[in-house]
Structure formats: structure tokens, C-alpha cells
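Student: So the protein sequences, as listed, match chains U and S.
First residue of the first sequence? That's 29 in the working numbering, and the numbers climb one at a time after it.
First residue of the second sequence? That's 26 in the working numbering, and the numbers climb one at a time after it.
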Amino acid sequence: MLALTVRLFQQLRRDPRTLAMAFVAPLLLIWLLSLFVGAKAVRYRVDVGALPPSLMQSLDRAGLSAHQVSGESALSDLKSGRAAAYLSLSTSGPRLLLQGASPQTAQVVRMRIAQALAAPAQGQSLHLLVRYLYGGPGFGALSYELPPVLAFFLFFFAYILSGITFLRERLQGTLERLLYTPLRPLAIVSGYFAAFGVVAAVQSALVLALVFGPLGARYAGSLALLGLLSLLVAWGGVVLGLLLSTLARSEFQVIQFIPLVIVPQALFSGILPLDSLPRWLQDVGAVLPMTYAVDAFRRVAIEANGFSDIGGDITVLLSFILVLGGLNVALLHRRQAA
Amino acid sequence: MDAIVCHDLTRRFPQAHITIGPVDLIVPSGTVFGLVGPSGCGKTTLVRLMAGLLTPSRGHVEVLGLGSHDHRLRRRVGYMAQADALYPELSAVEHLRFFGAAYGLHGKGLALRVDELLSRTGLEKAGLRAVREYSGGMRRRLSLAIALLPSPSLLLLDEPTIGLDPLLRRDLWAWFTDLSRAGTTILLTTHAMDEAARCARIAFLREGSLLTADAPQEVLRRTRTQSLDDAFIALAEREAV
Chain U
29 MLALTVRLFQ
39 QLRRDPRTLA
49 MAFVAPLLLI
59 WLLSLFVGAK
69 AVRYRVDVGA
79 LPPSLMQSLD
89 RAGLSAHQVS
99 GESALSDLKS
109 GRAAAYLSLS
119 TSGPRLLLQG
129 ASPQTAQVVR
139 MRIAQALAAP
149 AQGQSLHLLV
159 RYLYGGPGFG
169 ALSYELPPVL
179 AFFLFFFAYI
189 LSGITFLRER
199 LQGTLERLLY
209 TPLRPLAIVS
219 GYFAAFGVVA
229 AVQSALVLAL
239 VFGPLGARYA
249 GSLALLGLLS
259 LLVAWGGVVL
269 GLLLSTLARS
279 EFQVIQFIPL
289 VIVPQALFSG
299 ILPLDSLPRW
309 LQDVGAVLPM
319 TYAVDAFRRV
329 AIEANGFSDI
339 GGDITVLLSF
349 ILVLGGLNVA
359 LLHRRQAA
Chain S
26 MDAIVCHDLT
36 RRFPQAHITI
46 GPVDLIVPSG
56 TVFGLVGPSG
66 CGKTTLVRLM
76 AGLLTPSRGH
86 VEVLGLGSHD
96 HRLRRRVGYM
106 AQADALYPEL
116 SAVEHLRFFG
126 AAYGLHGKGL
136 ALRVDELLSR
146 TGLEKAGLRA
156 VREYSGGMRR
166 RLSLAIALLP
176 SPSLLLLDEP
186 TIGLDPLLRR
196 DLWAWFTDLS
206 RAGTTILLTT
216 HAMDEAARCA
226 RIAFLREGSL
236 LTADAPQEVL
246 RRTRTQSLDD
256 AFIALAEREA
266 V
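(1) Give me the Cβ distance between ALA329/U and GLY249/U, rounded to the nearest whole Å; I'm assuming they're in contact under 8 Å.
(2) Measuring CA to CA, which of ALA78/U, GLN85/U, MET318/U is closest to PRO122/U?
(3) Quick one: is GLY208/S buried, meaning 16 or more other Cβ sit within 10 Å of its Cβ, or exposed?
(4) For my contact list, ILE45/S and GLY233/S are in at a C-beta cut-off of 8 Å; report their separation, rounded to the angstrom.
(5) In chain order, which continuous runs of the beta strand (DSSP E) of length 3 or greater are located wholly inside the stretch 46-106 of chain U?
(6) On the DSSP letters alone, give me the boundaries of the beta strand (DSSP E) that TYR114/U sits inside.
(7) Answer with buried or exposed for GLU184/S, where buried requires no fewer than 16 other C-beta atoms within 10 angstroms of its C-beta.
(8) Please tell me whether PHE38/S has its Cβ less than 8 Å away from any Cβ of chain U.
(9) So what's GLU273/S in DSSP terms, helix, strand or just coil?
(10) Can you list, in chain order, the residues of the stretch 186-210 of chain U whose Cβ is nearer than 7 Å to any Cβ on chain S?
(11) Taking the alpha helix (DSSP H) that VAL139/S belongs to, which residues open and close that run?
(12) According to DSSP, what are the bridge partners of HIS85/S?
(13) Report the residue ranges of all alpha helix (DSSP H) runs contained in full by the stretch 155-196 of chain S; include only those spanning at least 4 residues, in chain order.
(14) Counting only C-beta atoms, is TYR128/S closer than 8 Å to chain A at any point?
(15) If you draw a straight line from the alpha carbon of ALA134/U to that of GLN85/U, how long is it in whole angstroms?
(16) Looking at C-alpha atoms only, which residue of ARG45/U, ALA31/U, VAL34/U is the closest neighbour of GLN420/U?
(17) Determine, for ARG154/S, whether the minimum Cβ-Cβ distance to residues of chain U falls below 8 Å.
(18) What does DSSP give as the partner residues of ARG159/U in its beta bridges?
(19) Can you find the residues in the same chain that come closer than 8 Å, C-beta to C-beta, to ASP255/S, ignoring five residues on each side of it along the sequence?
(20) Going by DSSP, which residues form a beta bridge with PRO53/S?
(21) List the residues of chain U whose Cβ lies closer than 7 Å to the Cβ of TYR112/S, in chain order.
(22) Which residues mark the beginning and the end of the alpha helix (DSSP H) in which VAL386/U is found?
(23) Out of curiosity, what's the CA-to-CA distance linking GLU119/S and LEU309/U?
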């Protein structure tokens with residue numbers, strides 16, 4: 029038994045990647061998670077109509093940045109996500125229109141506004157008329173949370189499936205054999221892409237059917253568009269899996285890439301609320317494809333956005349697929365003539 | 026025309042401090058040519074350089090009149106690696122159909138070629154069984170059948186008979202002879218001297234260097250030895266001096 033332990037240490041000492049995964053990755057991940065848990069309170073922007081100065085001060089004290097704008101500008105700010113709510117006063121009392129794309133933000137903003145209105149200086153009626161631009165009470169937590177989680181799992185499983193399969197192709201020598209046929213690397217990558225595209229399409233259909241069927245989540249936009257997004261996200265996972273398995277030396281290394289490449293996609297893409305994180309960590313999300321997938325899923329499922337509204341997200345996802353796919357083809361060309 | 030011409034062919038592996046070559050070698054068309062030597066002498070490296078799967082550090086190799094990386098060779102050269110590169114879940118028929126399609130065969134032509142190769146390799150009965158159930162010899166025969174799919178003018182076979190029982194080796198050698206008579210050039214690697222003796226020409230390799238390249242009888246005559254084992258030892262000792 030001692031000999032076995034010694035042998036394992038000898039192997040570990042000569043495998044810096046495994047050592048890094050054993051010691052550095054957990055520290056890094058726990059530190060990142062601590063940033064979410066120990067987050068500072070966030071000041072949210074709230075657009076407001078004409079409000080008395082004392083109410084503006086109460087809103088400020090409640091942790092809200094109130095900006096006086098016209099009703100039209102407020103609607104535009106809500107749609108773009110710049111403002112979390114629009115508060116106005118009418119003869120029947122205060123009216124609050126919550127943006128609603130994030131249930132956590134909506135809940136905090138609503139609570140703070142109620143707190144500001146209830147301040148002794150206000151003398152305002154506590155009867156706050158609340159409406160939602162997106163979502164709302166009819167949308168349960170599942171309807172809010174499942175679409176982005178679904179996007180992540182489609183990406184993750186496509187990565188694992190394609191990564192391991194392509195690596196086996198390499199390790200069992202069949203990739204070299206394939207590269208010795210008239211098949212071009214582009215044809216090999218495209219073949220993988222098509223096969224896993226079909227798997228992803230079936231997987232997406234099953235997952236969407238489960239989420240919006242028996243699990244009872246609601247969606248506001250087009251189911252076909254959600255299907256298309258699912259396929260794009262899964263293809264993103266496929267190209268990443270193919271690329272990293274081209275670079276990896278063993279199945280184990282494909283797994284080792286998970287904390288480095290996959291976990292940040294779960295943490296910084298917006299599945300978890302990012303408002304409370306330092307700015308530079310929020311910016312990490314901008315380079316992750318999952319950020320655009322999560323945004324598109326939310327905008328279709330919760331905000332009922334159409335194809336043209338999520339064109340930017342789709343462009344980024346397609347670019348990610350094409351760039352990584354192209355990189356993989358280039359690497360295979362190099363491997364063909366090592 | 027010569028099937029393969031190597032000139033000053035050298036491949037360095039700096040991390041392992043190994044250099045294979047320089048090798049000057051000519052493989053005449055229509056012959057069975059054996060690259061012969063012990064494990065680690067550079068046989069596989071030379072075959073991979075000829076197959077265009079490795080790039081020379083120096084010198085060049087010409088295969089069927091083309092550079093070894095020329096894509097046109099993919100339809101004219103059959104390559105069989107030392108390790109059986111097969112999909113365990115697929116059957117022999119599925120392998121041959123898949124690689125046949127990769128070689129551009131289709132329809133009736135592909136079906137006929139698959140049947141012909143299954144029959145030639147004796148895999149007809151097992152043709153529909155998954156390869157994971159195959160013995161080592163069956164896998165080797167399937168690998169060879171795949172290399173033969175494009176009806177190549179040149180076959181590069183890396184240790185084609187390793188681990189096979191004597192009967193199967195005999196059958197395969199009969200097949201090599203038939204193919205060679207039909208005009209196919211066969212370059213194979215082996216460390217077995219009895220197999221070297223069956224080749225029309227051989228090249229002895231040791232520690233990355235070419236000791237000699239000639240017909241087996243000529244090697245025996247020049248070294249004044251009775252067996253290729255003794256000839257190899259004599260040449261290796263002469264090289265060491």
C-alpha cells in the first residue's frame with residue numbers, strides 16, 4: 029500500500045496540471061463564490077416622474093438612484109435594462125412599473141421603494157400600485173431561473189459529449205487514419221458538428237418539453253426561437269469540446285479544463301446576479317459566450333423579444349462557433365503535417 | 026518510376042534527444058520492401074514521414090512522384106499504422122463503408138469493394154459483429170482491408186503481422202505477394218528476420234541510421250553471413266567501429 033501511495037505522489041509531482049487542479053482551482057473557485065456571497069448592497073437606478081424633493085431624498089437613503097425622466101424615456105430605459113423600475117405619482121397614489129427581467133432585482137427595488145414611501149416625511153399612501161413590464165407574479169421562480177440554467181446545461185453536456193468523443197477519436201488512432209484519407213479537416217469538423225447538432229436538437233427538444241411541460245415553467249416569447257437558441261448554445265459547447273480535446277493529451281485533461289473554462293461560464297454569464305460583483309469581474313462575462321446565450325434566453329422567454337431584438341446575441345454566438353470551429357480546422361491541418 | 030525516393034531524410038525529436046536519419050533510400054515500384062530493425066530504430070518514423078504524417082527536419086521524400094504531403098496521394102496510398110485504429114462499437118462492414126465513403130467510394134462500387142475485402146480477409150462471417158468482440162488477428166486483417174480500400178498503388182504497412190499466429194502470417198504474406206505481382210508496391214516494417222527474407226528488398230535500420238539497403242541475398246553475400254540475423258549483427262558492428 030505504501031508503494032502505491034509513493035507511486036501516486038511520484039506521478040502527481042510530474043503532472044503540474046493535476047497539481048494545479050488539486051490546489052489552485054478549489055481556492056480560486058471558493059474565492060470567486062465568496063464574492064457572490066459577501067456582496068455589498070447594490071444601488072439600483074430607478075426612473076421617476078415628477079416627485080417631491082423629500083421623496084427623492086428618501087429614495088436615495090433607501091439605496092436607489094432616482095433619475096427624473098419622461099414616461100417615454102423611462103420605458104426605453106426599462107426595456108434596455110438601464111433602469112430597474114419607473115415610479116410616478118398619480119391622483120390615485122404612487123404607481124410603480126418594475127422592469128421584472130430579474131425577480132431578485134424586482135423584489136429588492138420594490139421593497140426599497142415601499143420603504144422610501146413609508147418614511148415619516150412622506151405622508152404618502154402605502155397603497156402602491158405595482159405592475160411589471162416583464163414577467164410578474166404569474167411567472168414563478170422556475171420561469172425566471174430555468175431558461176438560463178437550461179442554456180448552461182445544454183452547453184455543458186455538448187462540451188463533455190463532443191470533447192470525450194473527439195478525444196477518443198484521437199487516442200484510439202482513428203483520427204490519424206481519417207486524416208490519411210482524402211477527407212479534409214473541414215469535413216471532419218463539419219461531420220462532428222452535424223452529428224452533434226442532431227443530438228443537440230433532440231436534447232434541446234426534450235429539455236424544453238420538460239421545462240415548459242411537466243415542470244410548469246412559463247415562457248413569454250417564441251418557443252421556436254428558444255429551440256434555435258438551444259441549438260446554437262449546444263453547438264457552442266460542441267466546438268469548445270472539439271477544440272479543447274484537440275489540445276488535450278488525455279480524457280482527464282478534458283475534465284481538467286472544466287474548472288477553467290466551464291465554471292466561469294456558470295458564474296459570470298448572468299445565471300447568478302452579477303450586480304454586486306466588482307466591475308472587472310462583471311466584465312469577465314463580456315468575453316464568455318454563455319453571457320450572450322443567457323441574455324438571449326431571458327429576453328425571449330421572459331421579455332418576449334423577437335429574432336431581431338436578440339440579433340446581437342445570435343451574432344456573438346455564431347461568431348464564437350465559427351472562430352472556434354476555424355481554429356480547430358487549422359489545428360487539424362497542423363496535425364495532418366506534424 | 027520508383028515508388029519512394031528519400032534523400033537526406035532526417036527527423037529530429039529534440040525533447041527526446043533522438044534523430045532518425047539521414048536516410049537515402051529508393052523503393053522500386055512493384056516490390057515488397059521491408060524496413061527491418063529492432064524497436065525504436067526509427068522504422069515507424071520513416072513510414073510516417075513517407076505517409077506525410079510527419080514533416081522532415083531536413084531532406085525530402087518523394088512518393089509516387091509527389092511530395093509526401095500532396096493531398097492527391099491520399100487516394101493512391103494505403104496506410105496502416107502499427108496500432109489498430111478502429112471504432113470498437115462498429116462492425117467490419119460499417120468500418121469499410123465509412124472509410125470507403127471517406128475515400129470517395131459509393132453505391133455499388135463501394136458495396137462490391139466491401140464484399141471483396143471481407144472475403145479476402147476472411148471476415149465475411151464476422152462482418153456484422155462489433156469490432157470489440159474481435160481477436161487481435163481479426164483487427165489486424167480489418168486494418169489491412171481499410172488500407173486496401175482505395176485500391177492503392179502503394180501500401181505503407183507498419184508492423185502488419187505483429188502478434189499474428191503463423192498461419193495468418195503465412196496467408197497475409199501470400200496476399201502481399203499477390204498484390205505485388207499485380208503491381209502494388211508494398212513497404213512494410215518488421216523486426217522479424219524470417220519476414221525480411223521474404224521481401225524483394227530490405228533496409229536495415231539501427232538507432233536511427235540506415236545500415237544497408239539491398240536485396241536480402243545480396244546483403245548475405247556482402248556480409249558473408251548465412252542468416253539475416255548474422256548479417257544485421259555484422260553490419261551493426263561494422264557501423265560501431
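Using N, Cα and C, we set each Cβ at its ideal position, and we do this for glycine too.
Tutor: Here's the rundown:
(1) That belief holds up - the Cβ atoms of ALA329/U and GLY249/U are roughly 6 Å apart, short of 8 Å.
(2) If we check each option's Cα against that of PRO122/U, ALA78/U comes out closest.
(3) Burial is judged here by how many other beta carbons sit within 10 angstroms of a residue's own beta carbon; GLY208/S has fewer than 16 and is exposed.
(4) That belief holds up - the Cβ atoms of ILE45/S and GLY233/S are roughly 4 Å apart, short of 8 Å.
(5) Segments of the beta strand (DSSP E) lying fully in the stretch 46-106 of chain U: 72-76, 92-96.
(6) If you look at TYR114/U, you'll find it in the beta strand (DSSP E) that goes 113-118.
(7) By the neighbour-count rule (16 or more Cβ atoms within 10 Å), GLU184/S is buried.
(8) Taking Cβ atoms only, chain U never reaches closer than 8 Å to PHE38/S, which makes this a no.
(9) The structure shown does not extend to residue 273/S, since chain S is modelled only from 26 through 266, so no value can be given for it.
(10) Taking 7 Å as the Cβ-Cβ cut-off against chain S, the residues of the stretch 186-210 of chain U that qualify are GLN200, GLY201, THR202, GLU204, ARG205, LEU206, TYR208, THR209, PRO210.
(11) Per DSSP, VAL139/S belongs to the alpha helix (DSSP H) from 132-145.
(12) Residue pairing by DSSP places HIS85/S opposite HIS32/S in a beta bridge.
(13) Entirely contained in the stretch 155-196 of chain S, the alpha helix (DSSP H) runs reaching 4 residues are, in chain order, 161-173.
(14) Protein chains U and S are contained in the structure displayed, whereas chain A is not.
(15) C-alpha of ALA134/U to C-alpha of GLN85/U: approximately 21 Å in a straight line.
(16) Beyond the ends of chain U as shown, which are 29 and 366, falls residue 420/U; an answer cannot be given.
(17) ARG154/S does not count as touching chain U.
(18) In DSSP, ARG159/U forms a bridge with LEU125/U.
(19) THR248, listed in sequence order.
(20) ASP27/S, per the DSSP bridge assignment.
(21) Ordered by position in chain U, the residues that pass the 7 Å Cβ test against TYR112/S are THR202.
(22) Nothing about residue 386/U can be reported from this structure: the residues present for chain U run from 29 to 366 only.
(23) Looking at the backbone, the Cα of GLU119/S and that of LEU309/U are separated by about 50 Å.
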